[in-house]
Amino acid sequence: MGVLKVFKSLVIDSLDTITKGSKKYHIWMGFLTLVMLIGMYCYSIQLDEGLSVTGMTDRVSWGLYISNFTFLVGVAAAAVMLVMPTYVLKDIDFKQAVLIGEGLAVAALIMCLAFVVADMGGPSVLWHMIPGIGVFNFPASMLTWDVIVLNGYLFINITIPLYILFRHYQGKEAKKKVYVPGAVLSVFWAVGIHLVTAFLYQGLQARPFWNNALLGPRFLASAFAAGPALIILVLAVIRSFTAFKIPDKTIKKIAMIVTVAAQINLIMLVSELFKEFYAPTHHSESAYYLFFGLHGKDALLPWIWTAIPMNVIATIILTFGKFRNKLKVLYFCCFLLFVAIWIEKGFGLIVPGFIPGPYGKIAEYLPTGIEIGVTLGIWALGAFVFTILAKTAIGIELGELRYKPK
Amino acid sequence: MSDNKKWYTLDLGLNKKKSTSSSCGCGNSQGSCTSQAQQTKEEELSADEFYERAVNAAIGDERKKDGFEQVFDVKMDRRDAFKKLTASLLIGAGAVSSCTSITKDSDSKEKAQIDWEEQFKGNYKLMTDDEKKSTVDRLMRSYELRTGKNINMSSKNAEEDVLFGYAFNISKCQGYMNCVSACVEENNQDRNSQMQYIRIHEMDDGKGFNFNEADDNYYHEVPAEGHFYMGTQCFHCDNPPCVDVCPVQATWKEEDGLVVIDYDWCVGCRYCMAACPYDGRRFNWSKPEVPENEVNKNQHYLGNRMRKKGVMEKCTFCVQRSRKGKNPACVEACPTGARIFGNLLDPKSTIRWVLENKKVFRLKEDLGTEPKFWYFMD
Ligand code: SF4
Ligand code: SF4
């Protein structure tokens, strides 16, 4: 079996590359491993004592885990913004960025799944969700849709780059016929994972804060700002640490995407704020809580009032091409935007959905140390996975990794 | 509650002495357990000894089974538990072959067998009556093996031409909360976290049904001047949003209208909790604990049987009572007669009389959930 042999050699070679590297690389990986171990320790405590070690209660029953999950779905979906022009529209600028983007999507999806598992009360009976063995409540439950689209997206994002890298590894060109249909599919799929995740919340009549038609589109807009923003930052790092060439032009094109998405996101934010505050109803209380606090309870104020200015400032700066084209400024804006959207689409979206409760009870939520430990551990896991994937991909693309038939 | 106290406090039995029927982490009362020894001289075990003990510990322990406890009266400290978790991982596939070495004790063999079947049993909703029966038998046997005591667990199905409904008389309720404590005791709710299915909201006279300003956690003498009271719990909606969202169909509406949960099928995602507009659901954030002598041993699979950590639960209109023709515990406990329960399909039932003769209303009707829980006033 020729293919298997090549594959085996690819695995061995990539193991070889990922274990070798500069001192900085080893420190980075060592650091990530340490954080992951801490996360695992925290998780073992959670497994043992139950979710009571988190800040969640009957009143606010989803917290940091689900917030991060929601946000990361967005990051994962953003890879598509690079896939589309490269594979389909033959815009070569993006070619190098795409592999990185898809690697990022894979890492983000793995984090998503890890966050969902971390949030489960009974991770050991998760097999109940496997279609065929368990009972899969499809199509009634949006969560089952989410399981399908996330895993499907993961599959697509693993196979396409794998195929391309596999061909390049053997010194051959990847065949367009094979990967373009997959790429086109992934474009639609990415929009799908996003909408479905939004529908998860949007479909709950019990929570007026989420039960609003703009939730899905706003998810898309913010994701297409935050995801590419992260890709720009990652590309910047890769550019300075490896021999991988990423032209300025590529980064500037991605910056364009970030800008447009951020602008649309801002418009929708204004529309949302108008609706909540111009003619406030009983249903606007969650928004009041988020932005101004209710009855002296204001745990989310510092968060949201960090996020909003960051978001606005970054969007304004990005809007002017003069600033956007200065890379330093661009990186700064991307960082601002990324953090702002993390707060807004994570914490700022999930927690107020539960506050005030169904009968107006205001019970606040603050994550505990253990919860934060697990969260950091999962982020470290994502970074770890991404580093491995990126290092192999870059090795192949630079021609350092090549199949040598014996 | 002592007599000289003026204000009302909820008596959850927390002050009663806790029973210590078994202090051993493995839950094995037969003496074949070694986890005590393990605790004291854990460092000096030879490899063989460790393996042997690990096998014992793992087989006698529910942790191996599902990673979260199904033990009801057993305390385990974290270090011990973590060790067992590791031990059971270590054994892994070896467990099957090494079974022979520990099956001297037929009880532990049976226990292992039960645990095995329990881990891989299906969804109760989809079981045939025979399967339901054997599941319930297995659980009763399991409890007996673990604690040496017998419980009575029913798998009684819904009867035909029955649809349960509930009505609440706002004029009568004085906020005594007898219903709350009766419910806690009847349904074996976790005493540690003071889980309560029923919430009584204390509202201000003259402000109408203003839930926002109501207090659902009061500790003073009732009825308090200038207040009225209103109870909420799961309303057993006829169009329950909580049921649709469950990814594994661990919660569903029975033929007689009860919305129930299979605690062993629930994966603990809490999606149903987010979907419920009435704050009807409660989650076991940690291992629920009920002192052995306070356990209500008249149980139903879908009702008040013991829950474990990380699963959802809620009011079941006391399925263990209502399907036997009795009133739920809250109805029975209410000293004012504010609570009315019955079969909506029976034209001669009190509940039907109330619905036909009183001006009834329901909460958040605009959501289309069709609660089977009505409020009315005299
Ligand atoms: S009150 Fe809530 S938990 Fe009960 S049936 Fe209705 S939606 Fe479900
Ligand atoms: S918590 Fe349990 S019952 Fe509720 S939706 Fe999740 S699996 Fe279903």
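In the order they appear, the protein sequences are chains A and B. Using our numbering, the first residue of the first sequence is number 1, and each one after it goes up by one. Using our numbering, the first residue of the second sequence is number 1001, and each one after it goes up by one. By construction, the Cβ of each residue, glycine as well, lies at the ideal position given by its N, Cα and C atoms.
Just the Cα atoms here: how many angstroms apart are residue i and residue j?
i               : j               : result
K1314 (chain B) : A261 (chain A)  : 43 Å
G293 (chain A)  : S1154 (chain B) : 49 Å
N211 (chain A)  : R1282 (chain B) : 22 Å
P1223 (chain B) : D1244 (chain B) : 39 Å
Q1194 (chain B) : E1294 (chain B) : 14 Å
I396 (chain A)  : L154 (chain A)  : 21 Å
K176 (chain A)  : G101 (chain A)  : 19 Å
A255 (chain A)  : F332 (chain A)  : 12 Å
G1325 (chain B) : G1231 (chain B) : 23 Å
K5 (chain A)    : I158 (chain A)  : 20 Å
F274 (chain A)  : F338 (chain A)  : 24 Å
F1228 (chain B) : H283 (chain A)  : 25 Å
V191 (chain A)  : I246 (chain A)  : 27 Å
K1005 (chain B) : R218 (chain A)  : Confidence in K1005 (chain B) is poor, its pLDDT being 44 and thus under 50, which makes the residue's placement too unreliable to answer from.
A279 (chain A)  : G348 (chain A)  : 21 Å
I316 (chain A)  : A225 (chain A)  : 13 Å
D1264 (chain B) : G1226 (chain B) : 45 Å
Hey, would you say residue i sits closer than 9 Å to residue j, going by beta carbons?
i               : j               : result
I355 (chain A)  : E364 (chain A)  : yes
H1201 (chain B) : D1216 (chain B) : yes
E1284 (chain B) : R1305 (chain B) : The sequence given here places Asn at residue 1284 (chain B); Glu does not occur at that position. No; because the gap between Cβ atoms is not below 9 Å, this pair is not in contact.
F335 (chain A)  : L235 (chain A)  : no
C112 (chain A)  : A76 (chain A)   : yes
C1237 (chain B) : M1273 (chain B) : no
N325 (chain A)  : K253 (chain A)  : no
E1131 (chain B) : R1321 (chain B) : no
F1341 (chain B) : G1206 (chain B) : no
A380 (chain A)  : G227 (chain A)  : no
P1371 (chain B) : Y1278 (chain B) : yes
L1145 (chain B) : E1118 (chain B) : no
L109 (chain A)  : L72 (chain A)   : yes
Output needed for residue i: all residues of its chain with C-beta closer than 6 Å, excluding positions within five of it in sequence on either side, in chain order.
i               : result
L220 (chain A)  : H194
M56 (chain A)   : G63
A107 (chain A)  : G382, V385, F386
L82 (chain A)   : F94, A97, V98, G101
S1032 (chain B) : A caution first: S1032 (chain B) carries a pLDDT of 44, below 50, which makes its placement in the model unreliable, though a value can still be read off. Within the same chain, S1032 (chain B) has close Cβ partners D1105.
L1363 (chain B) : none
R1199 (chain B) : D1216, T1232
Under 8 Å Cβ to Cβ from residue i, same chain only, skipping five residues before and after it: list those, please.
i               : result
G103 (chain A)  : P161, F386, L389, A390, A393
V1267 (chain B) : P1247, V1248, A1250
M1377 (chain B) : N1169, I1170, S1171, K1358, K1359
How would you list, in chain order, the residues of chain B whose beta-carbon sits under 7 Å from the beta-carbon of residue i?
i              : result
K361 (chain A) : D1216
H128 (chain A) : V1248, W1265, V1267
D58 (chain A)  : R1282, F1283
N137 (chain A) : C1246, P1247, V1248, Q1249
Note down, in chain order, each residue of its chain lying with its Cβ closer than 7 Å to the Cβ of residue i, except the 5 sequence neighbours on either side.
i               : result
Y163 (chain A)  : A174, V178, Y179
E1356 (chain B) : none
A340 (chain A)  : A307, M310, N311, A314
S9 (chain A)    : Y403
F136 (chain A)  : M129, T144
L446 (chain A)  : Residue 446 (chain A) falls outside the range modelled here, since chain A spans only 1 to 406, and no answer is possible.
N1298 (chain B) : N1152, Q1320
C1330 (chain B) : C1179, A1182, C1183, I1198, R1339
Residue i touches chain A at which residues, Cβ-Cβ below 7 Å?
i               : result
A1329 (chain B) : The premise fails here: A1329 (chain B) is roughly 21 Å from chain A at the closest Cβ pair, so nothing lies under 7 Å.
H1201 (chain B) : Y359
S1286 (chain B) : E49, G50, S52
Mind listing the chain A neighbours of residue i? Cutoff is C-beta to C-beta under 8 Å, in chain order.
i               : result
V1311 (chain B) : G121, G122
M1273 (chain B) : D58, S61
C981 (chain B)  : Since the first residue of chain B shown is 1001 and the last is 1378, residue 981 (chain B) is not available in this structure.
C1276 (chain B) : A206, P358
Mind listing the chain A neighbours of residue i? Cutoff is C-beta to C-beta under 9 Å, in chain order.
i               : result
R1307 (chain B) : Per Cβ cutoff of 9 Å: no residues; R1307 (chain B) is ~11 Å from chain A at best.
F1228 (chain B) : Those do not exist, as F1228 (chain B) stays about 15 Å from chain A at its closest Cβ, beyond 9 Å.
For residue i and residue j, which I take to be in contact (beta-carbon distance under 8 Å), what is that distance rounded to the nearest angstrom?
i               : j               : result
C1234 (chain B) : V1260 (chain B) : Actually they do not touch by this definition, with Cβ atoms about 10 Å apart.
P1335 (chain B) : F1317 (chain B) : That belief does not hold up - the Cβ atoms of P1335 (chain B) and F1317 (chain B) are roughly 20 Å apart, past 8 Å.
G39 (chain A)   : G377 (chain A)  : 1 Å
I350 (chain A)  : T70 (chain A)   : 6 Å
Y409 (chain A)  : T368 (chain A)  : This structure cannot settle anything about residue 409 (chain A), because the visible part of chain A is limited to 1 through 406.
L327 (chain A)  : T259 (chain A)  : Not a contact, Cβ separation roughly 14 Å.
For residue i, would you say it is in contact with chain C, using Cβ-to-Cβ distances shorter than 9 Å as the test?
i               : result
N1212 (chain B) : This model lacks chain C altogether; the protein chains it does include are A and B.
Name the chain B residues that come within less than 8 Å of residue i, Cβ to Cβ?
i              : result
T197 (chain A) : In chain order: nothing, as chain B lies at least about 13 Å away.
Taking 8 Å as the cut-off, is the C-beta of residue i nearer than that to any heavy atom in ligand 3?
i              : result
V329 (chain A) : What this structure holds is ligand 1 and ligand 2, not ligand 3.
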